[in-house]
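In what follows, a structure is listed as structure tokens, so that the remarks can point back to it.
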Amino acid sequence: MKKRPFHLGLLLSIVLLLIVGVLFVASASSYEGLAKMGNNLHFIKRHLVFLITGLVFFVFASRLSIDFIRRMSLPFFALSVFLCALLYTPLGVSHYNSVRWLQIPLVGFEFMPSDLLKYASIFYLSDYLVKNRRTTRKFKTFAMIIGIIGLSTGLVILKDFSTGMVIGLSLMSLFFVLGMEPYQYALSGLGGGALAFIMIRMMPYRMERMMSFIDPFDDIQDTDWQLANSLFAHGIGGFWGVGYLNSRLKQGYLPMSYNDFIFPIIGEEWGFLGTTFVVLLYFLFTLSGLQIAGRCKNLYEQLIATGITICISVQAFFNMGVTIGILPVTGLTLPFISYGGTSLWVCLVAAGILLGRSKNH
Numbered sequence: 014m015k016k017r018p019f020h021l022g023l024l025l026s027i028v029l030l031l032i033v034g035v036l037f038v039a040s041a042s043s044y045e046g047l048a049k050m051g052n053n054l055h056f057i058k059r060h061l062v063f064l065i066t067g068l069v070f071f072v073f074a075s076r077l078s079i080d081f082i083r084r085m086s087l088p089f090f091a092l093s094v095f096l097c098a099l100l101y102t103p104l105g106v107s108h109y110n111s112v113r114w115l116q117i118p119l120v121g122f123e124f125m126p127s128d129l130l131k132y133a134s135i136f137y138l139s140d141y142l143v144k145n146r147r148t149t150r151k152f153k154t155f156a157m158i159i160g161i162i163g164l165s166t167g168l169v170i171l172k173d174f175s176t177g178m179v180i181g182l183s184l185m186s187l188f189f190v191l192g193m194e195p196y197q198y199a200l201s202g203l204g205g206g207a208l209a210f211i212m213i214r215m216m217p218y219r220m221e222r223m224m225s226f227i228d229p230f231d232d233i234q235d236t237d238w239q240l241a242n243s244l245f246a247h248g249i250g251g252f253w254g255v256g257y258l259n260s261r262l263k264q265g266y267l268p269m270s271y272n273d274f275i276f277p278i279i280g281e282e283w284g285f286l287g288t289t290f291v292v293l294l295y296f297l298f299t300l301s302g303l304q305i306a307g308r309c310k311n312l313y314e315q316l317i318a319t320g321i322t323i324c325i326s327v328q329a330f331f332n333m334g335v336t337i338g339i340l341p342v343t344g345l346t347l348p349f350i351s352y353g354g355t356s357l358w359v360c361l362v363a364a365g366i367l368l369g370r371s372k373n374h
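Per my numbering, the very first residue in the sequence shown carries number 14; after that it's consecutive.
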């Protein structure tokens with residue numbers, strides 16, 4: 014197999030997004046760092062530690078062999094399912110009305126196991142599809158495929174609706190690579206839509222988010238506060254922005270401004286030009302990832318490259334869509350940019366695996 018240099022477009026998009034992330038975590042977290050921790054550099058220092066260690070993981074992941082990744086797909090999937098199941102026990106930690114985190118005893122470190130399951134499910138389903146690619150039209154094989162998607166999505170969606178949706182869409186994208194039948198797309202889509210509807214109806218706060226999406230200014234002092242101020246931030250920024258570090262909305266008016274809602278701060282400080290630049294970087298990432306997938310000669314590599322690309326891209330566009338009011342509030346971070354620990358690490362490992370596939374065409 015001929016080895017080539019890493020894909021420049023993919024590498025460039027990742028590096029630039031990480032730089033934007035450092036700049037805006039520093040800006041958006043300064044007020045809260047000073048107010049809560051007595052140090053305006055508190056969060057950016059932590060972010061840099063996560064980033065530096067994450068880059069080590071990124072380089073390591075880019076060198077993993079496809080045989081090792083495939084061999085570990087089942088153990089990784091089983092571990093991720095087990096960790097997500099622990100969310101339904103007292104070990105699950107609740108923040109912002111959602112039990113999405115597990116806390117490591119004694120250490121006190123919290124992480125989201127759904128971040129692991131996003132990619133573990135891609136690796137495992139890809140392995141199953143390759144092994145059974147000649148029998149995907151048979152009921153038994155298709156039922157198993159739906160079972161894997163249902164387990165991965167259903168286990169997460171009750172606790173973390175938005176991540177469950179990202180997982181479902183990422184796994185269904187693998188159907189296109191394999192060329193499955195139209196009725197199989199339809200059945201999967203109907204099942205996913207029904208599950209999403211049930212989950213929204215079951216949780217009152219999710220219905221509140223839907224109502225906020227429909228009219229973000231209906232209850233601006235309560236449920237609509239975050240989305241309304243997100244829209245204000247984009248509006249204040251206008252075309253050119255108010256200038257880097259000059260955001261007013263980050264000063265206690267926009268919760269999670271250095272995490273889930275960092276994109277409005279970019280819009281306020283860098284304006285429409287800045288947000289367009291970020292969107293174009295994600296488009297470059299998506300196109301580069303799909304190009305890598307298209308060039309892979311190994312079907313398993315092709316499937317995981319597609320899945321990783323779609324997973325990161327869907328999460329990014331969901332996050333940005335929320336902050337400009339075209340999607341309901343989800344709680345997803347902005348990949349490579351938002352402040353984060355395990356979410357940034359897992360994203361960089363996945364991107365490293367994707368970049369590694371670009372060497373083996």
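By construction, the Cβ of each residue, glycine as well, lies at the ideal position given by its N, Cα and C atoms.
Cβ pair residue i, residue j closer than 7 Å
{"i": "F90", "j": "A41", "result": "no"}
{"i": "F252", "j": "G284", "result": "yes"}
{"i": "D273", "j": "G344", "result": "yes"}
{"i": "A241", "j": "G280", "result": "no"}
{"i": "G67", "j": "F56", "result": "no"}
{"i": "L347", "j": "F276", "result": "yes"}
{"i": "I305", "j": "H20", "result": "yes"}
{"i": "G309", "j": "A318", "result": "A small correction: the amino acid at residue 309 is Cys; Gly does not occupy that position in the sequence shown. A contact, by the Cβ cut-off of 7 Å."}
{"i": "L294", "j": "S43", "result": "no"}
{"i": "L92", "j": "L104", "result": "no"}
{"i": "L367", "j": "G302", "result": "yes"}
{"i": "F382", "j": "L36", "result": "Residue 382 is absent from the structure shown; the chain starts at 14 and stops at 374."}
{"i": "V112", "j": "L100", "result": "yes"}
{"i": "S186", "j": "Y137", "result": "no"}
{"i": "G160", "j": "I170", "result": "no"}
{"i": "L244", "j": "G167", "result": "no"}
Proximity winner among the options, relative to residue i (alpha-carbon distances)
{"i": "L316", "options": "D173, S371, I135, L240", "result": "I135"}
{"i": "R370", "options": "N311, D273, L36, V335", "result": "N311"}
{"i": "G163", "options": "F37, L297, L182", "result": "L182"}
{"i": "V362", "options": "F70, M50, I27, I65", "result": "F70"}
{"i": "G287", "options": "L203, G34, N145", "result": "G34"}
{"i": "G179", "options": "F188, V255, S165", "result": "Checking the displayed sequence, the identity of residue 179 turns out to be Val instead of Gly. The candidate whose alpha carbon is nearest that of V179 is S165."}
{"i": "Y257", "options": "R76, V38, R146", "result": "V38"}
{"i": "V327", "options": "N52, K131, V106, T289", "result": "K131"}
Neighbourhood of residue i by C-beta, 6 Å cutoff - its chain only, sequence neighbours within 5 removed
{"i": "S78", "result": "none"}
{"i": "V335", "result": "V342, T343"}
{"i": "K263", "result": "A41, Y44, S270, I278"}
{"i": "A364", "result": "I27"}
{"i": "L357", "result": "F63, G67"}
{"i": "S175", "result": "T343, G344, L345"}
{"i": "P268", "result": "Q239"}
{"i": "C360", "result": "P348"}
{"i": "G22", "result": "L297, S301"}
{"i": "M333", "result": "F276"}
{"i": "L29", "result": "L294"}
{"i": "I321", "result": "A363, L367"}
Range covered by the beta strand (DSSP E) that runs through residue i
{"i": "W253", "result": "Run containing W253: none; DSSP gives neither H nor E here."}
{"i": "G105", "result": "105 to 108"}
Residue range of the alpha helix (DSSP H) that includes residue i
{"i": "S93", "result": "86 to 98"}
{"i": "R59", "result": "55 to 75"}
{"i": "G167", "result": "152 to 170"}
{"i": "S26", "result": "21 to 41"}
{"i": "R370", "result": "355 to 370"}
{"i": "M269", "result": "Where M269 is concerned, there is no enclosing alpha helix (DSSP H), given that its DSSP letter is neither H nor E."}
{"i": "C377", "result": "The shown model of the chain, from 14 to 374, leaves out residue 377, and the question about it has no answer."}
{"i": "F188", "result": "174 to 191"}
Same chain, Cβ closer than 7 Å to residue i, five either side skipped, listed in chain order
{"i": "L313", "result": "According to the sequence as given, residue 313 is Tyr; it is not Leu. So the qualifying residues of the chain are I79, R83, S139, D140, V143."}
{"i": "T355", "result": "F124, M125, D128"}
{"i": "V388", "result": "The question about residue 388 has no answer, for the chain in this structure spans 14 to 374."}
{"i": "N259", "result": "E282"}
{"i": "L96", "result": "L115, P126, L129"}
{"i": "K172", "result": "L100, S111, V112, R113"}
{"i": "R76", "result": "G369"}
{"i": "V255", "result": "I249, E281, E282"}
{"i": "T154", "result": "N145, T148"}
Cross-strand partners of residue i (DSSP beta bridge)
{"i": "F290", "result": "Paired residues: none, contrary to the question."}
{"i": "Q304", "result": "Answer is none; Q304 lacks a bridge partner."}
{"i": "E123", "result": "Q116"}
{"i": "S111", "result": "H108"}
Distance cut-off 6 Å: residue i Cβ against heavy atoms of the ligand FMN
{"i": "L303", "result": "For the ligand FMN, the structure offers nothing, since it holds no ligand at all."}
Same chain, Cβ closer than 8 Å to residue i, neighbours up to 5 away in sequence not counted
{"i": "R146", "result": "L191, L312"}
{"i": "L24", "result": "L368"}
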